[in-house]
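Note that the numbering used here has the sequence shown beginning at 490, numbered continuously upward.
Quick notes on the structure that follows.
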Amino acid sequence: MNDLERRLSVLLHTGAPEPERLINSAKIAGLAQGTPTLKQGRPSSRWGVPLLAAAAVVVAVAIPAVIISQAGGSAAPISPSPVAPAPATASIPAQTSPATSSPTSTTNVPPAAAGTCLTSQLRLAPGPTNGAAGSLYTTFTFTNTTGTPCVMRGFPGVSLLDPAGVIVGQPATRDGSSGPSVRLGAAQRAAFTIRVGTATRTGCTVPRPSSQIEVYPPGQTVPLRIPFTTGSCAVSVQSVTAVK
Numbered sequence: 490m491n492d493l494e495r496r497l498s499v500l501l502h503t504g505a506p507e508p509e510r511l512i513n514s515a516k517i518a519g520l521a522q523g524t525p526t527l528k529q530g531r532p533s534s535r536w537g538v539p540l541l542a543a544a545a546v547v548v549a550v551a552i553p554a555v556i557i558s559q560a561g562g563s564a565a566p567i568s569p570s571p572v573a574p575a576p577a578t579a580s581i582p583a584q585t586s587p588a589t590s591s592p593t594s595t596t597n598v599p600p601a602a603a604g605t606c607l608t609s610q611l612r613l614a615p616g617p618t619n620g621a622a623g624s625l626y627t628t629f630t631f632t633n634t635t636g637t638p639c640v641m642r643g644f645p646g647v648s649l650l651d652p653a654g655v656i657v658g659q660p661a662t663r664d665g666s667s668g669p670s671v672r673l674g675a676a677q678r679a680a681f682t683i684r685v686g687t688a689t690r691t692g693c694t695v696p697r698p699s700s701q702i703e704v705y706p707p708g709q710t711v712p713l714r715i716p717f718t719t720g721s722c723a724v725s726v727q728s729v730t731a732v733k
């Protein structure tokens, strides 16, 4: 311990009255100028500057402690300023376009499909007969006798009968191709033509006589019969067509 440290220790720790141990600005100035402010001896002027620096350190440390002691013993922590929360943003519900009703579309409802013409709906009638080169051509018609429309297509089944109702020869063969469907409203007609071959041939030296014709409408299993007198060795039939 050098002389300055010893003198400061004496000043701070001796039994001198408390006011004499206080270091004030006058004592610091006296120490720096060599003024005898201590009872234990006169400090030399060579200790003035170091003593002044040491006293400044003591004062710098003591002043905040005194301030804190006078304020109540401990410094209150500094709380950061509260930050105001950002205002809540109200959510805006998405606007929906009002539902628009589409105009009711009307469609043309087709008429109910007509069924196949039944034998019970039809009336069979003969038309005129024409001959040419050993053949007789006769046109027959189906007439819809009901108010219910019906449809037929294709070839009728045709046979010639004797007075006893027995088939003469062979049933008619089909001549040509099937035509389009024919729709029959009330009282409307469909026609077909048969060809009766009168020329003799092997197995038929004389045309076979008949007095009736039996006709199955297309797609039906119940025939219609009407009188029809002729003589034949062969018979063929064409597809039904509409009568205009």
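Each residue gets a CB set at the ideal place from its N, CA and C atoms; glycine is no exception.
Range of the contiguous beta strand (DSSP E) that encloses residue i
i: Ala614; result: Leu611 to Gly620
i: Pro698; result: Arg697 to Tyr705
i: Ala653; result: No beta strand (DSSP E) contains Ala653, which DSSP labels as neither H nor E.
i: Phe644; result: Taken as a continuous stretch (DSSP letters only), Phe644 belongs to no beta strand (DSSP E), as it is neither H nor E.
i: Ser624; result: Ser624 to Asn633
i: Arg690; result: It is not in any beta strand (DSSP E) - Arg690 carries neither H nor E in the DSSP assignment.
i: Val726; result: Ala723 to Val726
Proximity below 8 Å, CB of residue i to CB of residue j
i: Gln701; j: Phe717; result: yes
i: Thr608; j: Val711; result: yes
i: Gly643; j: Thr628; result: no
i: Val726; j: Val647; result: yes
i: Ile683; j: Val655; result: no
i: Gly686; j: Gly604; result: no
i: Ala653; j: Thr630; result: no
i: Pro638; j: Arg672; result: yes
i: Pro696; j: Gly720; result: yes
i: Leu611; j: Pro706; result: yes
i: Arg663; j: Thr632; result: no
i: Cys722; j: Ala688; result: yes
i: Cys693; j: Met641; result: no
Buried versus exposed call for residue i [16 or more other C-beta atoms within 10 Å across all chains shown]
i: Pro569; result: In this prediction, Pro569 has a pLDDT of 48, which is less than 50 and means its spatial position is unreliable; nothing more can be read from the coordinates.
i: Gln659; result: exposed
i: Pro698; result: exposed
i: Ser558; result: Residue placement at Ser558 is poorly supported in this model, since its pLDDT is 41, which falls under 50; the coordinates are not used for a value here.
i: Thr691; result: exposed
i: Val704; result: buried
i: Ala661; result: buried
i: Ile715; result: exposed
Per DSSP, the bridge partner or partners of residue i
i: Gly604; result: Cys639
i: Pro716; result: Gln701
i: Val671; result: Met641
i: Ala680; result: Thr630 and Thr730
i: Val685; result: Leu625 and Val724
i: Thr474; result: For the chain, the structure presents residues 490 to 733; residue 474 sits outside this window and is missing.
key: the region 722-733 contacting the region 663-682, beta-carbon criterion three pairs below 8 Å   = The region 722-733 is in contact with the region 663-682.
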